[in-house]
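Numbering (the working numbering), first residue to last: 20 to 364.
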């Protein structure tokens, strides 16, 4: 275990700059997710940490040691890809033992003990003698995870490790990763495009877009206090309404004036979470209300998502199942003043 520090890292491929002066620190034993859409630079950043790419500027420190110019094998890190990359001619136990053999760590007996410990941690002790082709996708994923942790790395890098699993297995593995991190306290960086994975697994999340970190914060802070429009929309799919000076929400066909001083200086838009909107036929007493037309309703079990139109504005509202009957005959969408998050960019 060790602190990971990324300082001023930039990367250019030809004339294209894919990373812009990235600064981020993962404390010893911390769990950071790099979250963003495809092409935002998150995998390139992980490859730089792993030593598979050389940064155009900046440096990477592990445990206070500058490893920027070190080969991957000299960094004491482990990298797990979404493809698992198991060797088909080796048993489960031999796949897990492979990093120890390559690094010549310990005697054979010591290596076998470490393999047994790693397989126990991922609940695969009974399958040690099987071949990869005899395993399910979830079991192969656990083997790859055991291989990643067996050498006791200072930093564990996970590149979209759950993307090949079905929804139920993905949820199960999220729980197992949380438990594994709690027990081992490995400094971990997790790359994903899935906001649910990032928010549920991490101590902190760095949201990336266009080769930059838009915001890095605790999961609840990202959700409750997004710093930019991109973060508000990418995490939780917030509705964003532009501010039309002076101090009014820009809604075609309606004008919602904010109380004096409600919008902080420099605010350009308001974000409204889907679950903070309510549908009603009686908007009396609401802080803010808009007449709407219901365009679609998508039933999601415990709740339903409504697509609403207010003039030229489209809003999404997430309504709990117990309120669906009222929502279906609604004429207005309402929300409280406390539900508004002001965005400056």
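Idealized CB from N, CA, C, for every residue including glycine. Predicted model only: the values in this text are computed from it and were never measured.
Looking only at its chain, what residues have a beta carbon closer than 6 Å to the beta carbon of residue 283, apart from the 5 residues adjacent to it on each side? Position 264 of the chain shown, counting from 1, holds the residue named residue 283. Counting only Cβ-Cβ distances below 6 Å, and skipping sequence neighbours, we find 361.
So, at 7 Å on beta carbons, what are the nonlocal neighbours of residue 353 in its own chain, with the 5 sequence-adjacent residues on each side left out? Taking the first residue of the chain shown as 1, we reach residue 353 at position 334. Answer for residue 353: 297, 299, 302, 305, 307, 308, listed in chain order.
Taking C-beta to C-beta, are residue 104 and residue 174 nearer than 9 Å? One-based indexing of the chain shown puts residue 104 at position 85. One-based indexing of the chain shown puts residue 174 at position 155. Cβ atoms of residue 104 and residue 174: not closer than 9 Å.
Quick one: Cα of residue 49 to Cα of residue 222, how far? By 1-based counting over the chain shown, the position of residue 49 is 30. By 1-based counting over the chain shown, the position of residue 222 is 203. Going by the C-alpha atoms only, they are around 7 Å apart.
Consult DSSP for residue 173 and reduce its assignment to one of helix, strand or coil. Against the chain shown, residue 173 aligns to sequence position 154. Looking at residue 173 - three-state DSSP - the assignment turns out to be coil, as it is neither helix nor strand.
Rounded to a whole number of angstroms, what is the C-alpha to C-alpha distance between residue 127 and residue 102? Here residue 127 corresponds to residue number 108 of the chain shown, with the count starting at 1. Here residue 102 corresponds to residue number 83 of the chain shown, with the count starting at 1. So the two alpha carbons sit approximately 28 Å from each other.
Going straight from the alpha carbon of residue 84 to that of residue 92, what length do you get? As a working note, residue 84 is residue 65 in the chain shown. As a working note, residue 92 is residue 73 in the chain shown. Residue 84 and residue 92: Cα-Cα distance of roughly 15 Å.
Going along the chain, which residues of its own chain have a beta-carbon closer than 7 Å to the beta-carbon of residue 119, five neighbours each way excluded? Working through the chain shown from its first residue, we reach residue 119 at position 100. 125, 130, 133, 169, 170, listed in sequence order.
Would DSSP call residue 152 helix, strand or coil? Taking the first residue of the chain shown as position 1, residue 152 is located at position 133. Three-state DSSP puts residue 152 in a helix.
Please state the DSSP three-state secondary structure of residue 325. As a first step, residue 325 must be located in the chain shown, where it is residue number 306. Residue state, collapsed to three classes: strand.
Measure from the alpha carbon of residue 256 to the alpha carbon of each residue in 336, 315, 329, then state which is nearest. By 1-based counting over the chain shown, the position of residue 256 is 237. Closest by alpha carbon: 336.
Member of 295, 357, 313 whose CA lies at the smallest distance from the CA of residue 339: By one-based count along the chain shown, residue 339 stands at place 320. Residue 295 is the option with its Cα nearest to residue 339.
Neighbourhood of residue 47 by C-beta distance below 7 Å, restricted to the same chain and skipping five residues each side: Along the chain shown, read from residue 1 onward, the residue named residue 47 stands at position 28. Non-local C-beta neighbours of residue 47 in its own chain, meaning closer than 7 Å and more than five positions away in sequence, comprise 20, 21, 22, 206, ordered along the chain.
DSSP on residue 118, reduced to helix/strand/coil? Reading the chain shown from its first residue, position 99 is the one you call residue 118. Residue state, collapsed to three classes: helix.
DSSP beta-bridge partners of residue 17: Look at the range of the chain in this structure, 20 to 364, and you will see that residue 17 is not part of it.
On the DSSP letters alone, give me the boundaries of the beta strand (DSSP E) that residue 39 sits inside. Here the question's residue 39 lines up with position 20 in the chain shown. From DSSP, the beta strand (DSSP E) with residue 39 extends over 35–45.
Can you tell me which of the three DSSP states residue 134 falls into? As a working note, residue 134 is residue 115 in the chain shown. Helix at residue 134.
Which residues does DSSP list as the beta-bridge partners of residue 26? Translated into positions along the chain shown, residue 26 becomes position 7. Its beta-bridge partners are 78.
Smallest Cα separation from residue 216: which of 140, 186, 87, 245? Counted from its first residue, the chain shown places residue 216 at position 197. It is 186.
Counterpart residues of residue 258 in DSSP-defined beta bridges: In the chain shown, residue 258 corresponds to position 239, counting from 1. Answer is 291.
Excluding five sequence neighbours on each side, which residues of the same chain lie with their C-beta closer than 8 Å to the C-beta of residue 243? On the chain shown, position 224 is the one that residue 243 refers to. Contacts found: 360.
Collapsed DSSP secondary structure at residue 332 in the structure displayed: Locating residue 332 in the chain shown gives position 313, where the first residue counts as 1. Residue state, collapsed to three classes: strand.
Tell me the rounded alpha-carbon separation between residue 146 and residue 100. Stepping through the chain shown from its first residue, residue 146 is reached at position 127. Stepping through the chain shown from its first residue, residue 100 is reached at position 81. Between residue 146 and residue 100, the C-alpha separation is close to 21 Å.
Since I believe residue 178 is in contact with residue 210 (beta carbons under 8 Å), could you give me their beta-carbon distance rounded to a whole number of angstroms? Translated into positions along the chain shown, residue 210 becomes position 191. Translated into positions along the chain shown, residue 178 becomes position 159. Right, their Cβ atoms sit about 5 Å apart.
Could you give the distance in angstroms between the alpha-carbon of residue 365 and the alpha-carbon of residue 115? With the chain covering only 20 through 364, there is no way to say anything about residue 365.
Where residue 244 falls: helix, strand or coil (DSSP): Numbered from its first residue, the chain shown carries residue 244 at position 225. It is coil, neither helix nor strand.
Per DSSP, what kind of secondary structure is residue 372 in: helix, strand or coil? The chain is shown only over 20 to 364; residue 372 falls outside these bounds and no answer can be derived.
Buried or exposed: where does residue 263 fall if 16 or more other Cβ atoms within 10 Å of its Cβ makes it buried? Here residue 263 is taken as the residue at index 244 of the chain shown, counted from 1. By the 10 Å Cβ count, residue 263 comes out exposed.
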